[in-house]
Every structure is written in C-alpha cells, then in structure tokens.
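Protein chains in written order, with this note's numbering: chain A, 1 to 144; chain B, 145 to 288; chain C, 289 to 432; chain D, 433 to 576.
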C-alpha cells in the first residue's frame, strides 16, 4: 500500500480500485480515499439515508466504520500487516442527513509491535463530530 | 420501545418493522433483533461478503456497528432518549466470512443522567470476537 | 511470579514482601494482595485521607492505580514481561473516605502477543465503583 | 476555581495552597500546578522512587493520576462541579526514575452536560509518554 499517494486523477482511481478490491465494506459504504502517506490517511464519506439511526442522525456505527477504515489504512502504510487491538470513540456532535464527513488519521506513536493513531471526524463545515483513538498490533507479515 | 419484548413471531416481526423504520443503518446491515427488555438487548448479524475488510476478515466497523446498535437499543429501553457518549472496543479474534455473530448488551450501571453498558460479541461457536463498553447520556426527552 | 498463590500467612507475607520490593508505588498506596493465580489477581486497598480528591471522595487516580496494579500482576502471571498498552476506566459510583475497596482482575483473552483483562472495583458492601479494561503487550522477556 | 490563573509567585502559591486543601492525593503525589485557565490545566510532577512499578519504571497509576488531576481541574474551570465518567489512557513510552513529567489538559468539546478533554503527558525532553482522553459529566452544582 506504500505506493498509494495523494496524486492526480489516475492515481486516485487506482486507490479507489484498490479499496473496492481490498476493503469491500468501506467501498460499500462509499468511502472516498483522499490521501494516503506513511502514517496518515484522509478520506471522505457522504452520508446517505441508509446510514441514519433511530433519531434520524448519522448512526454511530457509520462514523466509527469510516474512522476505523482511515485508522486501518494509516497503520498499514509501513509495509507490515497491522490489526486494530483497542479503539475508543467519543461522540461530540451528531452527524446529519446530507453531511459529507472528512476523516483524518494521524500517527501518534510507532514502535516495533505497536502503533497508536488519533482520528478526527468533521463535517463539511469543519465541525468536529467525533474523536477516535486506535491502538494497532503490527504483525511480522509483509503487506502484499 | 419499552413494549418490545422477547416474544413469538408476531412480536418479532413488529420489532423488525420497528427497526426497519427506526434504525435504517442496522436494517441495511441485516441486524436481526432477538430480545429486548429493560437494560438489555440481544441481536444477530450474518456476515455477508460486503462486510469484509482488506484481509478478508469481518471489518471492525461492522462488529462495532452491530454492538453499537445493541448498546443503543438497551440504553433506550427506559423511556428516555439516550445517546452514546464514549465507547471502547477491543478486538479479540477476527470474524470470518460466513459467521453469524451474536451481540448481547447488558446494563452495568444506570443513574439519573448516565448509563454504562457492556456488550459481548460472539460467533456461532460461542467464540468471543470482541468486547465493547459504552457510556450513554440520558436526555430528558421521552422516547416516542 | 507464578509461585505466588492464595495461601496461608507465610505465603501472604511473601507476596507483600515481593510487592514492597517490586512495586513501590502499590506498596506506598497500601495495596494488600489477596490472591494471585494465572490470569487473575485480587487485592484490597483501604482508603486513607490522603487519597481523596477535591470533592472529598476517593481520587480517580487511586481507583485507577489499584486497578492498574491488579491488571499488571494478572498479565504478568504467565512468565513473560507484559506491559499495559491501552486502558479504559468508567467511574460508576464515588468511593468514600474509610472505604476498603476490592479489586479483581480476570483474563478475557490471552494470545501470543496480547492479553485483555477486565478489572472490577467494589467497595466493602459489594457496590461496584468502577470498571476497568486493559490491553497488555506481552514481550519475549521472561519474568525473573 | 475560576480565579486561579497563570500568575506570579504569590498566585502560584495560592494555587498550591488550594491544591493542598482541595486535592489531597495530588498534593501527596507532589503535583505542581503551572497554569489554569478556562478549559485548560498544565501541571508538573517529579518522579520519585516510590512512584515506580515492578520493572523500575514509572507506575502507570501515577501517570494516570497526574493526567486525571489535570483533567479534573480543567473540567472544573467553568464554575460547575464536574466529574469524570469515562477515561482512556494509552502508554507510549515508559517514564523513568528522575523524570519530571508535564501534563497538559485541553478542552476538545464543551456542551451543557458533557465535556471532553485530551491530556498529553511528556517528560522533560518533550517525549510523549502517554495520551489520555476523558469525558466529564457537568452537574448543576456550582463550584464553591
């Protein structure tokens, strides 16, 4: 995955092709990858009607899934398969129908076996909807 | 929601109708409600191909969404609108294609403004896949 | 540490000696180890006046420290040095001056590199004060 | 507490007097308050020999307690009694004997009933030792 970069249209298309093949759930949600570099991932997700909860707001599971995808991509940028161990999310403001959320994962710490990431989730107006923190275990298996 | 109970087919159908109307994302995922009573919810989710991640395993976002749904239903069984504040999830074993996961939310603590819930996620063999803990804020608004 | 057991006075004294030498902070707090076996630790802590917070209740940091000690002992019972990675605590009820709290750590999951533990904190009446969940990384270094 | 400010020696002394009286555990640990303003607290803690764990490193409970103190002060700066509900901490690097740690709590979100805070813990060289995130419930009781 390390060859994925913030790049012109051709590369962006390659990233989406990769996502479609490699992360069916994120593709199904409609996640749009915007930038990937070592220890970092930013993506966008338009909120669709089927993503709402019982109060007519964005379902917390969708917010989490988008953040989890960015976390997973960011921690897999270093060439070794990494899996989430422990994750927390705090909901600050409810997402609304029609929102387009932006999710940004940054690396807080990278050690031999463990990486820690902060993920921010904002709406199209920059309002922070949630904060997510994930700890990943880095296996010895190389990413193909 | 307090009238929803673990009941025969007619009632179960009513619960699913309610879910379809009230929680579009959970219905979209294919969540099957098995039992709801005060402070408790148990549901099932069959893992479909579009729910996998880049490693061919169950996407953490799906596991989380199923758990979050059970948490949300359990904390809304007391007649007041309740929203998730802070949630943690630990992944113990990867879910597999074809699994049917069972999610069970139980109430750890219920106070005037705050409820705390533990949610266990197991596969069809009883293997625990993840543990989820959620803190909910209880508003003054009555559930309709 | 695997030789430490729930045992008569002589062994208990050995455990406390070990704690005094090996975990100065817990000894300083006044932690009393009650039982240690593989994947498990139970301890007691009498609440002293210097353990209160600004509201005259038990300081959350003390509750946490007692739980963290039980977690650390439990995850180090398998012969390999293990360190806490990520921990969460939920406060359910405030501890009071004069309370004697009991802390019990149990193993939820043990894999090659990672262990997950739940820790319950109760007062002398069995009232649950807090719940703690810890994820430990298991190094290759043998415990001496 | 809102009158406490980052101020010259006289005010600093007042803050320490307040801490001694109001937060016996933090005073006992030796916490030194450096700055308090609305939604913010920064403090220092010199690591003493009795603060070590079984591996000769800074006990996680001490790191947590220092962070919890900064969190508690920051969320109580708005004039209403606030209590911690749910907290997470990730340990990035072990603290060492002789370290002087700096803890900085900042407000991520402040709503009517809930505040969310991030707390960073660094050593004297700026190395980040841990990250802490806390959710507080804001009561209706005014701080005296």
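Where is the CB? At the ideal position from N, CA and C, for every residue including glycine.
Counting only beta-carbon separations shorter than 7 Å, does residue i have a partner in chain A?
i              : result
residue 267(B) : no
residue 169(B) : yes
residue 248(B) : no
residue 532(D) : no
residue 282(B) : no
residue 237(B) : no
What residue range is occupied by the uninterrupted alpha helix (DSSP H) comprising residue i?
i              : result
residue 24(A)  : 24-29
residue 531(D) : First-last for residue 531(D): undefined, no H or E at that position.
Use the C-beta contact count for residue i: other C-beta atoms within 10 angstroms, 16 or more gives buried, fewer gives exposed.
i              : result
residue 147(B) : Confidence at residue 147(B) is low in this model, with a pLDDT of 41, below 50, so its placement is unreliable and no value can be given for it.
residue 400(C) : exposed
residue 456(D) : buried
residue 161(B) : exposed
residue 521(D) : buried
residue 125(A) : exposed
residue 277(B) : buried
residue 54(A)  : buried
residue 95(A)  : buried
residue 308(C) : exposed
residue 285(B) : exposed
residue 152(B) : Since pLDDT at residue 152(B) reaches only 43, below the 50 mark, its modelled position is unreliable, and the value read off the structure follows with that caveat. By the 10 Å Cβ count, residue 152(B) comes out exposed.
residue 282(B) : buried
residue 344(C) : exposed
residue 37(A)  : exposed
residue 406(C) : buried
residue 228(B) : buried
residue 79(A)  : exposed
residue 98(A)  : exposed
residue 174(B) : exposed
Can you tell me which residues form a DSSP beta bridge with residue i?
i              : result
residue 34(A)  : In DSSP, residue 34(A) forms no bridge with anything.
residue 233(B) : 87(A), 276(B)
residue 536(D) : 474(D), 552(D)
residue 254(B) : 259(B)
residue 370(C) : 426(C)
For the beta strand (DSSP E) containing residue i, name the first residue and the last one.
i              : result
residue 525(D) : From DSSP, residue 525(D) is part of no beta strand (DSSP E); its letter is neither H nor E.
residue 277(B) : 272-286
residue 264(B) : 258-266
If you measure from the beta carbon of residue i to each beta carbon in chain D, is any gap under 7 Å?
i              : result
residue 47(A)  : no
residue 347(C) : yes
residue 395(C) : no
residue 404(C) : no
residue 221(B) : no
residue 319(C) : no
Taking only beta-carbon atoms, is residue i less than 7 Å away from chain B?
i              : result
residue 128(A) : no
residue 542(D) : no
residue 625(D) : No answer is possible for residue 625(D): the residues shown for chain D start at 433 and end at 576.
residue 371(C) : no
residue 37(A)  : no
residue 501(D) : no
residue 44(A)  : no
residue 141(A) : no
residue 17(A)  : no
residue 53(A)  : yes
residue 113(A) : no
Can you find a CB in chain C that lies within less than 7 Å of the CB of residue i?
i              : result
residue 522(D) : yes
residue 552(D) : no
residue 497(D) : yes
residue 488(D) : no
residue 482(D) : yes
residue 512(D) : no
For the ligand NAD, is there a heavy atom less than 6 Å away from the beta-carbon of residue i?
i              : result
residue 426(C) : Questions concerning the ligand NAD fall outside what the structure shown contains, since it holds no ligand whatsoever.
Please tell me whether residue i has its Cβ less than 7 Å away from any Cβ of chain E.
i             : result
residue 46(A) : The question asks about chain E, but that chain is absent: this structure's protein chains are A, B, C and D.
Could you tell me which uninterrupted alpha helix (DSSP H) segments, each at least 4 residues in length, are contained entirely in the region 33-70 of chain A, listed from first to last along the chain?
-> none
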